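Enquirer: No gaps in the numbering here: position 68 of the sequence shown is 256 in our numbering, and each next residue is one more. Cβ coordinates follow ideal geometry from the N, Cα and C atoms, glycine included. All figures in this text were calculated on a predicted structure; none of them were measured in a lab.
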Amino acid sequence: MRSSDSLRIGELAARFGLAPHVLRHWEAMGLLVPADRVNGRRRYTRDHAVRVLTILRGKSAGMSLEQIREMLDASGGADRQALLRRHHEELERRLREIAASKALIEHAMRCTAEDFTRCPNYRRVLELEDVAGFHGVHGGECVAAAPSASAGDDTGGEPHGGA
Numbered sequence: 189m190r191s192s193d194s195l196r197i198g199e200l201a202a203r204f205g206l207a208p209h210v211l212r213h214w215e216a217m218g219l220l221v222p223a224d225r226v227n228g229r230r231r232y233t234r235d236h237a238v239r240v241l242t243i244l245r246g247k248s249a250g251m252s253l254e255q256i257r258e259m260l261d262a263s264g265g266a267d268r269q270a271l272l273r274r275h276h277e278e279l280e281r282r283l284r285e286i287a288a289s290k291a292l293i294e295h296a297m298r299c300t301a302e303d304f305t306r307c308p309n310y311r312r313v314l315e316l317e318d319v320a321g322f323h324g325v326h327g328g329e330c331v332a333a334a335p336s337a338s339a340g341d342d343t344g345g346e347p348h349g350g351a
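(1) Roughly how many angstroms separate the alpha carbons of R229 and I197, rounded to a whole number?
(2) Would you mind sorting N227 into buried or exposed? The rule is 16 or more other CB atoms within 10 Å of its CB.
(3) Hey, could you find the ends of the alpha helix (DSSP H) R273 is sitting in?
(4) So the beta strand (DSSP E) V226 belongs to, where does it begin and stop?
(5) So, are the CB atoms of I243 and L220 less than 9 Å apart?
(6) Using the rule of at least 16 other Cβ atoms within 10 Å of the residue's Cβ for burial, across every protein chain shown, is S194 buried or exposed?
(7) Look at the alpha carbon of K247 and the alpha carbon of A288, and state the distance between them as a whole number of angstroms.
(8) What are the uninterrupted segments assigned as beta strand (DSSP E) that are 3 or more residues long and contained completely in the segment 190 to 264, given in chain order?
(9) With a threshold of 6 Å on Cβ separation, who are the neighbours of D224 within its own chain once the five nearest residues in sequence on each side are excluded?
(10) Out of G218, T233, H213, A216, state which residue places its alpha-carbon closest to the alpha-carbon of E199.
(11) Should the segment 247 to 256 be called in touch with the segment 272 to 285, which here means at least 3 C-beta pairs below 8 Å?
(12) Is the beta carbon of L168 less than 9 Å from the beta carbon of M217?
(13) What does the alpha-carbon distance come out to for the pair A207 and R282?
(14) So A237 and R212 are supposed to be a Cβ contact under 8 Å. How far apart are they, rounded?
(15) Let me know if H295 comes out buried or exposed under the rule of 16 or more other beta-carbons within 10 Å of its beta-carbon.
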């Protein structure tokens, strides 16, 4: 690789919105292979950029820097696959939680009940009956939900989400 194809530490860090000290820290932790030095200055290659992006994606996935190092340094495919499988399962669990939280927020944004937490449809979305063992605990109607029959809805005028 020509020296013109390499990046100084500040340039590489800036590409990813990082401070240069972050790259130095990752080098010290063994996450990033130390860069070659040209005239005493670190010079990074495309391989370094790939590694930085891999570290950032791992962090976004909730992996610790130690876990990312384990993934990058795994001695064999089986070790790496086992580690990644565990993280994949954790991501799937988090995605389910995020989807459930999103559904609650979306209902609360649409619901015009005085107290959306007492709305039977909110509680249905929350699955309070199944999760907490409460049965038959319903408050008033979801007033946002009662579209008029003339509005052309297909709910038949039932309360929001169906009753």
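Expert: Looking at the atomic coordinates:
(1) 8 Å
(2) Its Cβ having fewer than 16 others within 10 Å, N227 is exposed.
(3) For R273, the enclosing alpha helix (DSSP H) begins and ends at 265 to 298.
(4) 224 to 226
(5) yes
(6) The residue is buried, with at least 16 neighbouring Cβ atoms inside 10 Å.
(7) 23 Å
(8) 224 to 226, 229 to 231
(9) R231
(10) T233
(11) yes
(12) Examination of residue 168 is not possible in this model, given that the chain is present from 189 through 351 alone.
(13) Whole-angstrom Cα-Cα distance: 29 Å.
(14) Rounded, the Cβ-Cβ distance is 16 Å, inconsistent with contact.
(15) buried
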